[in-house]
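Remarks on the structure that follows.
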Amino acid sequence: MTLRKDFDQGLEQLNKWLVEMGEMVEVAVEKAINSLKENNPELADEVIADDVHVNDMEEKILELGLKLIATQQPVAKDLRRIIAAFRIANDLERMGDLALDIAKAVHRLQGEPLIKPIIDIPRMGEIIRNMTYEAIQAYVNENVDLAYKMAKDDDQVDALYGQITRELVLLMMENPRNIAQAQILSFVGRYIERFGDHATNIGESVVYLVTGKRPDLNA
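Heads up: the sequence shown begins at 1 in the UniProt record's numbering, then just goes up one per residue.
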């Protein structure tokens with residue numbers, strides 16, 4: 001009975017750390033996009049400095065999960081929960097890296113005025129922040145419906161990314177001096193689009209946890 005209690009406490013700690021890691025990533029992407037909107041390199045520096053905390057949290061989750069496997073020898077759904085936690089932590093770490101990439105892009109702008117108002121990128125950011133929160137809640141609550149919602153939300157992100165890309169191509173065609181900045185903004189759009197893919201990966205991990213089967217929500 002004590003072993004099971006210890007194991008349940010370990011799983012509860014994994015949940016707690018995944019929620020905390022998800023919150024870190026939400027804050028990172030919000031700050032990164034705001035730093036772009038405001039052309040604020042100081043805010044971008046905060047994102048860059050805080051990335052180490054996201055990485056550290058992934059390490060803590062991996063260490064605890066491995067300890068639980070080694071000492072408790074879980075099977076079936078218990079084992080799937082730990083494997084899902086590993087996958088989710090990895091996706092969150094990648095999402096943190098993408099927020100870092102956005103922050104670095106702000107520095108590459110070198111304080112130049114933006115060639116277009118930043119409207120669609122913050123809209124994408126709002127969707128992916130919500131996706132991050134809901135993806136973690138889907139895991140904690142084993143909510144398969146919420147996990148599948150990731151695919152629909154990701155379609156919205158993809159559509160906005162396509163719109164941004166078309167607008168930037170037109171701006172480059174209108175004036176060659178726009179090319180360098182348009183390329184940077186295009187990369188930012190791509191980073192956010194990939195962010196959505198990682199959120200759908202988390203949704204897949206949740207479905208795997210509950211059903212034992214892993215769907216393709218990025219199809």
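Glycine included, each C-beta is placed from N, C-alpha and C at the ideal position.
Please tell me whether alanine 103 and alanine 44 are closer than 8 Å, where the distance is taken between their beta carbons.
yes
Identify the continuous alpha helix (DSSP H) that holds leucine 98 and give its terminal residues.
76-108
Roughly how many whole angstroms lie between the Cα atoms of alanine 28 and alanine 89?
15 Å
Proximity below 8 Å, CB of valine 47 to CB of leucine 92
no
Which residue from Leu109, Leu64, Ile82 and Gly10 puts its Cα closest to that of proline 41?
Leu109
Distance between histidine 107 and leucine 217 (C-alpha atoms, nearest Å)
34 Å
For asparagine 34, which three-state DSSP category applies?
helix
Would you identify the three-state DSSP class for proline 176, choosing helix, strand or coil?
helix
Considering just the uninterrupted stretch of the alpha helix (DSSP H) at proline 41, what are its terminal residues?
41-72
Could you check if leucine 146 belongs to the surroundings of the ligand ADP, using beta carbon to heavy atom distance under 7 Å?
Because no ligand of any kind appears in the structure shown, any question about the ligand ADP cannot be addressed here.
Using three-state DSSP, classify isoleucine 184 as helix, strand or coil.
helix
Limits of the alpha helix (DSSP H) - the one that arginine 123 falls within:
120-141
Okay, do the region 151-167 and the region 190-200 touch, 3+ Cβ pairs below 8 Å being the bar?
yes
Taking the alpha-carbon positions, what's the proline 176 to lysine 77 distance?
56 Å
Could you round the C-beta distance between methionine 57 and glutamate 23 to whole angstroms and report it? I think they count as a contact, below 8 Å.
Actually they are not in contact, since the Cβ atoms of methionine 57 and glutamate 23 sit about 10 Å apart, beyond 8 Å.
Check the C-beta distance from leucine 68 over to glycine 125 and give it rounded, since I have them as a contact under 8 Å.
With 8 Å as the limit, leucine 68 and glycine 125 do not qualify as a contact, their Cβ atoms being about 35 Å apart.
Span separating the alpha-carbon of asparagine 15 from that of glutamine 137
10 Å
Report the rounded CA-to-CA distance for glycine 212 versus aspartate 97, giving the unit in angstroms.
29 Å
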